[in-house]
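Per numbering that gives the first Met the number 0, the very first residue in the sequence shown carries number 0; after that it's consecutive.
Even for Gly, the Cβ is constructed at its ideal location relative to N, Cα and C.
To start, the structure under review is shown below, and the notes come after it.
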Amino acid sequence: MFRSKAFVLAGTLVVLLALAASGCGGSSKKSSESTTTTAGNSTSITAPASIKSAGQLVFCSDITYPPEEFYEGSKPVGSDIEIGAEIARRMGVKAQFDNTGFDGIIPALLGKKCDAIISGMNDTPERRKQVTFVDYIKVGQSFMVKKGNPEAISGVASLAGKSASVEVGTTNKDYLDEQSKKLTSQGKKAIDVVTFPKDTDAANALKTGKVDAYFGDAPVVAYYIEKDPSSFTFGGSPINPIDVGIAIRKSDTELEAAVKQAVDDMYADGSMAKILKKWQLSAAALK
Numbered sequence: 000m001f002r003s004k005a006f007v008l009a010g011t012l013v014v015l016l017a018l019a020a021s022g023c024g025g026s027s028k029k030s031s032e033s034t035t036t037t038a039g040n041s042t043s044i045t046a047p048a049s050i051k052s053a054g055q056l057v058f059c060s061d062i063t064y065p066p067e068e069f070y071e072g073s074k075p076v077g078s079d080i081e082i083g084a085e086i087a088r089r090m091g092v093k094a095q096f097d098n099t100g101f102d103g104i105i106p107a108l109l110g111k112k113c114d115a116i117i118s119g120m121n122d123t124p125e126r127r128k129q130v131t132f133v134d135y136i137k138v139g140q141s142f143m144v145k146k147g148n149p150e151a152i153s154g155v156a157s158l159a160g161k162s163a164s165v166e167v168g169t170t171n172k173d174y175l176d177e178q179s180k181k182l183t184s185q186g187k188k189a190i191d192v193v194t195f196p197k198d199t200d201a202a203n204a205l206k207t208g209k210v211d212a213y214f215g216d217a218p219v220v221a222y223y224i225e226k227d228p229s230s231f232t233f234g235g236s237p238i239n240p241i242d243v244g245i246a247i248r249k250s251d252t253e254l255e256a257a258v259k260q261a262v263d264d265m266y267a268d269g270s271m272a273k274i275l276k277k278w279q280l281s282a283a284a285l286k
């Protein structure tokens, strides 16, 4: 899911500072590009030698995607931040989160600028050609429209001839592009898919009337609506449920195994459920 340090969708939209949170690993230290959480005393998983010697597990994360990752003041918070911090804690190291634009986040991982990606990234066959995934939640995608739904948008079909905003480099864009082609093949008008470098900019485009709808992961849409219910509402029900995973280089099999063990253990001992409940993501838990 880089970016601005605060979330003002524009005008009267409430700044997204309402949810207080902290990394599970303890205190955090913020710089302009990354944040590090301290490791706890209890460890249950052996970190790969390179990570253990560095004393930290570095995540690339596009920190403009609430409630999964966003800035509260100068501090990144959210479900992904806490999950990443807890994974690192279980390895006995610190978690560092490097703010990275989503359209360049896989190249950053492959270029070894981080050890893994935790950024609300959907696990897709296309992405698996480049990286491997450890899935940890599953979410659908939703349309967000202006309060009252003046364009009567309830799903893909009702978007024919209308515009929708998405963040660049996302599967949300890919999905709408695919659906737009299907509509035109049926003799209907295309969807005008408008991309923005930040997800908050994509949401702001709806707020300011530049598009007819915003399309994103269902938990993100729910968060925006909760923060500004006088401006936004859902356009239909969630669609296209998909797994979300932590991306790791294919060659880092030891790290993949350690992260998978951490995620499995977090589900088993209730830590994952606690984090997801805190961020109103309980429905996204893997079954």
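| query | result |
| --- | --- |
| So the beta strand (DSSP E) Q140 belongs to, where does it begin and stop? | V130 to K145 |
| Looking at S229 and V193, is the spacing between their C-beta atoms short of 8 Å? | no |
| Please go through the same chain and pick out, in chain order, the residues whose beta-carbon is closer than 6 Å to the beta-carbon of A267, but skip the five residues on each side of it. | none |
| Answer yes or no: do Y64 and S153 have a C-beta to C-beta separation smaller than 8 Å? | no |
| Using DSSP bridges, identify the partner residues of T169. | Its beta-bridge partners do not exist; DSSP assigns none. |
| Please check the pair R89 and D264, which I expect to be a contact at CB under 8 Å, by giving their CB distance rounded to whole angstroms. | 7 Å |
| Indicate the three-state DSSP secondary structure (helix, strand or coil) for N121 in the structure shown. | strand |
| Measuring straight from C-alpha to C-alpha, what distance separates G235 and I44? | 43 Å |
| Where do the ends of the beta strand (DSSP E) carrying N203 lie? | That residue, N203, is in no beta strand (DSSP E); its alpha helix (DSSP H) goes D198 to K206. |
| Going by C-alpha distance, which of A46, F231, A84 and C59 is nearest M271? | A84 |
| Might you give, ordered along the chain, the residues of its own chain that have their beta carbon closer than 8 Å to the beta carbon of K146, omitting 5 neighbours on each side? | P228, S229, S230, F231 and T232 |
| Which whole-angstrom value is the C-beta distance of T99 and D61, which I expect to be below 8 Å? | 6 Å |
| Would P47 be called buried (16 or more neighbouring beta carbons within 10 Å of its own) or exposed? | buried |
| Quick one: Cα of K197 to Cα of I104, how far? | 13 Å |
| Per the contact definition of three or more C-beta pairs closer than 8 Å, is the region 203-217 in contact with the region 122-130? | no |
| Once you ignore the five residues that flank S157 on each side, which residues in its own chain have a CB closer than 7 Å to its CB? | A151 |
| Any idea which residues DSSP pairs Y64 with across the strands? | E68 |
| Can you tell me whether DSSP reads S73 as helix, strand or coil? | coil |
| Is the Cβ-Cβ distance between A115 and V210 less than 8 Å? | no |
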